[in-house]
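K.L.:
Numbering-wise, the sequence shown is residues -27 to -1, 1 to 437 according to mature numbering (1 follows the signal peptide of the UniProt record, and there is no 0). We treat Cβ as the ideally placed atom computed from N, Cα and C, and that holds for glycine.
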Amino acid sequence: MKATSLRRALLRMPCCLLPLAATLAGAAEEEPVVDAASLVQPALLSGPGFSVDPHVELRGYMARFTLDTPYGPLQADSVEILAEREAELPALEALEKVTRSEAFLRAAGDRIGTTAKALANVVLHPIDSVTGIPAGVARYFSERLAKIGTQAQSASDRVARRFGNEGDPYPDDDGPMTDGRDDAAGEPPRKKHWYSSIAREAGREFKRQVKYGKAKREIAQRLGIDPYTRNPYAQERLSALAWVGSAGDFGAGGALGTIGGVGAGVLAQGLRVNSIVWKLAPDDLRARNRERLQRHCRDELLIRQFLRRGAFSPTLQTAFADALDALQPAQGCDDVLELGMTADSDLEARFLVNALRLLDAHLGARAKQGTLQRVGAGLAYKAANGELVLPLPVDRLSATTDVERFLDRPEFRVKNKTVLIGGDASLAARRALTERGWNIVIGVRRAGAPPYARSGEPSPVDVD
């Protein structure tokens, strides 16, 4: 009788209340399409030369934005990435002006357009393991990936066998083609991309002539951007300018100095990139990061293989090593390295880096000498005082079936536990956490945190 009455009540409800009623009735929550203004601060929605589509799909607890720019549309798969792409626009404008100048085109010759695309694509697609629309960071909550978490050692062994000494995302400093990784050793040959022959030709040429990587880092530092950015428009132009400038026939630095619009504002955004990424050659940067990881991790082979994992760019590996060193855990470093080696995308790599940053920002001095714990395919931290902390650097947490199952894991059946959410959480997600005894901290403030809106739960929008 009660179930029948509930169904009748649902049918009488206005359509706008049905999602809430479904949650109250025990149905899993679906991730909605929301208004962009409910997720980010107004300054990120539009500005000189760009605008953001007002409708944003939430996928895997991260927001997927479409950014319209003079250079073409850009996809940003989180609020953090949206802010970075917008911060890169002044630098992109400067790169566009320089690479269209007569002096540059004269020095570049006829093949610059094709070769620049080749150089950029090696950086943007170092390994062909991910296709289709990104699934956010849902893998850290899913049941399937929980099995990976419990079999992490075998996973690392597979990665080690696959990549060996060939799967290094750090480019050698003597040629442009080494911005990306070589094909996996021991695997059947894959169909080569259209740019592969051009890439090999350019690589041989510049290994004989120049230190392309150094030129690229110097230009990126001058512009205040990440030399390993995944922005396709910036990466193509940056690669082209470094290629031509390093050949000695074109003064890239001097040309950039004549272009306005690249100043303190961009460089301030560039502070999100550790300056060491600009200064050190890739081999030196890897040695620096290895030294920091060795302070806390015990498995030398695991450290070496992590530093060759394709999902983490040199910039993200540096951020990961720095965040881990700031946290100073007593145990569990190898566990988080294992988890990092299962990451398949830039977004998933960022999740782990930001999870460590959330822990450090919230716990402060209490973070020292705690234990990192791999929970399924997720990450938790047991502080020295016994508090269990679950860092979730997501844009918006929803009470999906995967999230509910994840929260019901036996590892979380403790009394003193806190969940840290970087962005926001739906009412249903907050309710699910509260019912399970979690202390909830929404919008944890940390250095470099994304510019989230603070206007409450984003409302679903009608996109029809």
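Between the Cα of Ala292 and the Cα atoms of Arg259, Gly305, Thr315 and Leu275, which residue gives the shortest distance?
P.N.:
Looking at the Cα atoms, Arg259 is the closest of the given residues.
K.L.:
Along the alpha helix (DSSP H) that carries Leu300, what are the first and last residues, could you check?
P.N.:
Segment Pro287 to Leu300, the alpha helix (DSSP H) holding Leu300.
K.L.:
My guess is that Leu380 and Leu400 are in contact by the Cβ rule of under 8 Å, so how many angstroms apart are they, rounded?
P.N.:
Contact doesn't hold; Cβ gap of about 16 Å is too wide.
K.L.:
With C-beta atoms as the reference, is Leu310 less than 8 Å away from Phe279?
P.N.:
yes
K.L.:
Determine the burial state of Glu53: buried for a count of at least 16 other Cβ atoms within 10 Å of its Cβ, exposed for fewer.
P.N.:
buried
K.L.:
May I ask you to report which of helix, strand or coil DSSP gives Glu30?
P.N.:
strand
K.L.:
Taking all protein chains shown into account, do 16 or more other C-beta atoms lie within 10 angstroms of the C-beta of Asp333, making it buried, or fewer, making it exposed?
P.N.:
buried
K.L.:
Give the secondary structure of Leu320 by DSSP, where H, G and I count as helix, E and B as strand, and everything else as coil.
P.N.:
helix
K.L.:
Let's see if you can read the secondary structure: which residues bound the alpha helix (DSSP H) around Arg265?
P.N.:
That run of the alpha helix (DSSP H) goes Pro255 to Gln267.
K.L.:
Given Leu300, which residues of its chain have a CB within under 7 Å of its CB, disregarding the five upstream and five downstream residues?
P.N.:
Leu329, Leu332, Asp333 and Ala340
K.L.:
Please work out which residues of its chain come closer than 6 Å, Cβ to Cβ, to Asp308, disregarding the five sequence neighbours upstream and downstream, and give them in chain order.
P.N.:
Leu345 and Arg347
K.L.:
To the nearest angstrom, report how far apart Leu40 and Asn247 are at their CA atoms.
P.N.:
26 Å
K.L.:
What are the boundary residues of the beta strand (DSSP E) that Ala405 is part of?
P.N.:
Segment Leu400 to Glu408 is the alpha helix (DSSP H) holding Ala405; no beta strand (DSSP E) there.
K.L.:
Relative to the C-alpha of Leu62, which residue among Pro5, Arg210 and Leu370 is closest?
P.N.:
Arg210
K.L.:
Starting from Phe23, trace the beta strand (DSSP E) in both directions and tell me its first and last residue.
P.N.:
Phe23 to Val25
K.L.:
Which residues share a DSSP beta bridge with Asn412?
P.N.:
Thr391
K.L.:
Rounded to whole angstroms, what's the CA-CA distance from Gln124 to Trp216? Just pull it up for me.
P.N.:
With a pLDDT of only 39 at Gln124, under 50, the local geometry of the prediction cannot be trusted, and no value is derived from it.
K.L.:
Among residues of its own chain, excluding the 5 on either side of Gly359, which ones have a beta-carbon nearer than 8 Å to its beta-carbon?
P.N.:
Only Asn389 meet the Cβ criterion.
K.L.:
Can you tell me where the beta strand (DSSP E) holding Lys355 begins and where it ends?
P.N.:
Gly351 to Lys355
K.L.:
Give the range of the beta strand (DSSP E) segment to which Ala80 is assigned.
P.N.:
Element bounds for Ala80: not the beta strand (DSSP E) but the alpha helix (DSSP H), Glu75 to Ala81.
K.L.:
Based on the DSSP output, what are the partners of Leu365 in its beta bridges?
P.N.:
Ile394
K.L.:
CA-CA distance, Asn204 and Ala36?
P.N.:
17 Å
K.L.:
Roughly how many angstroms lie between the CA atoms of Lys355 and Thr391, to the nearest whole one?
P.N.:
10 Å
K.L.:
Look up Thr104 in the DSSP assignment and say whether it is helix, strand or coil.
P.N.:
Note that Thr104 scores a pLDDT of 36, beneath 50, so its modelled location is shaky and nothing firm can be said.
K.L.:
Helix, strand or coil for Val246, going by three-state DSSP, please let me know.
P.N.:
Here Val246 sits in coil by DSSP.
K.L.:
With a threshold of 7 Å on Cβ separation, who are the neighbours of Ala207 within its own chain once the five nearest residues in sequence on each side are excluded?
P.N.:
Glu61, Ala64, Leu65, Leu68 and Ile198
K.L.:
By alpha-carbon positions, which one of Arg378, Ile394 and Phe77 ends up nearest to Arg419?
P.N.:
Ile394
K.L.:
Does the separation of the CB atoms of Leu17 and Pro383 fall below 8 Å?
P.N.:
It is not a contact, given that the beta carbons lie outside the stated cut-off.
K.L.:
So Ala10 and Ala398 are supposed to be a Cβ contact under 8 Å. How far apart are they, rounded?
P.N.:
Their Cβ separation, rounded to whole angstroms, is 18 Å, which puts Ala10 and Ala398 out of contact at 8 Å.
K.L.:
Expressed to the nearest angstrom, what Euclidean distance is found between the alpha-carbon atoms of Ala350 and Gly343?
P.N.:
C-alpha separation (whole angstroms): 19 Å.
K.L.:
Taking Pro255 as the reference, give the member of Lys70, Pro287 and Val362 with the closest Cα.
P.N.:
Pro287
K.L.:
Express the C-alpha separation of Leu370 and Phe114 in angstroms, rounding to a whole number.
P.N.:
11 Å
K.L.:
Where does Arg347 fall in DSSP's three states?
P.N.:
strand
K.L.:
Identify the residues that DSSP records as bridge partners of Gly45: which are they?
P.N.:
DSSP lists Thr42 as partners of Gly45.
K.L.:
So what does Gly20 bridge to, in DSSP terms?
P.N.:
Phe23
K.L.:
Output the distance between the C-alpha atoms of Leu78 and Thr72, rounded to the nearest integer angstrom.
P.N.:
7 Å
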